[in-house]
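Report on the following structure.
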Amino acid sequence: IVGFSQYQDFFASLVADNLEAQHIIAREHILDLPELSGRHIVSTMTLARLFDTPEFRHAVAQAILPRLGSAKRVGLPAVLGLHHPLDVLHDLEAKLGVPVFEIPGLPPSIPGIRLHSLLVKAIQTASGQVYSGMQVLASETANNRVATVISEAAARKQHHQASHYILATGGFLGGG
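Here the sequence shown is numbered in this note's numbering, starting from 244 and rising by one per residue.
Right, here's the structure in full:
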């Protein structure tokens with residue numbers, strides 16, 4: 244289980260201890276990479292963006308390889324790239340010679356951000372639009388169907404007309 248010394252939101256030792264408690268052999272390694280040394284705090288987003296670069300993946304793989312030993316797989320925080328996570332995963336696996344997996348951690352969730360991007364892209368590909376952060380005030384109906392959704396804009400109400408709508412108000416914690 245690999246962590247990074249400057250990344251305070253992932254506890255590799257806790258993950259390894261929990262695996263050991265389940266009779267799964269695991270050990271932790273904390274990497275202190277020169278690429279991160281100039282940063283006081285390394286965020287989830289920072290790591291995800293860095294993993295999108297081949298140079299950072301190479302540095303990570305080079306730091307892990309001498310510690311790999313007889314490990315059958317490598318677990319990392321769920322930060323393996325924002326834009327091309329499968330490319331990042333396959334590149335690391337090729338460099339390390341073992342399967343690599345991500346371990347979910349604290350928000351913001353990089354896998355959640357990836358999923359959101361995929362969903363928005365799919366909606367746009369299907370000629371849909373996604374509006375984020377808008378407060379819906381009302382709707383107008385015609386023939387028992389929603390014809391217009393009215394949202395609040397900066398200085399006026401904005402009318403959105405479509406043949407289909409999805410109202411996603413957010414989770415319970417956010418008041419949705």
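All C-beta atoms, glycine included, are put in the ideal place defined by N, C-alpha and C.
With contacts defined by Cβ atoms closer than 8 Å, Ser394 and His403 form a contacting pair. Ser313 carries a coil assignment under DSSP once its states are collapsed to helix, strand and coil. Non-local beta-carbon contacts of Arg300 in its own chain, meaning distances under 8 Å to residues more than five positions away in sequence, involve Phe294, Val331, Asp334, Leu335, Lys338 in chain order.
When the Cα atoms are used, Glu263 and Gly324 turn out to be separated by approximately 28 Å. For the set Leu279, Pro277, Ser286, the Cα lying nearest the Cα of Gln251 is the one of Ser286. Residue pairing for Glu345: DSSP places it in a beta bridge opposite Leu319. Take the alpha-carbon of Leu257 and the one of Arg270: they are about 10 Å apart.
In this structure, DSSP gives Ala259 a helical state, which the three-state scheme calls helix. Within the same chain, Cβ atoms closer than 7 Å to the Cβ of His327 are found at Asp295, the five residues on either side in sequence being excluded. Following the DSSP letters along the chain, one finds Thr287 in no beta strand (DSSP E) but inside the alpha helix (DSSP H) bounded by residues 287-294.
In this structure, DSSP gives Ala302 a helical state, which the three-state scheme calls helix.
Using a Cβ-Cβ distance cut-off of 8 Å, the region 275-283 and the region 341-354 are not in contact, since fewer than three pairs of beta carbons, one from each stretch, lie closer than that value. In the structure shown, the three-state DSSP call for Arg388 is strand. Boundaries of the alpha helix (DSSP H) around Leu332: 328-339. Val363 is a Cβ neighbour of Val373, given a cutoff of 8 Å.
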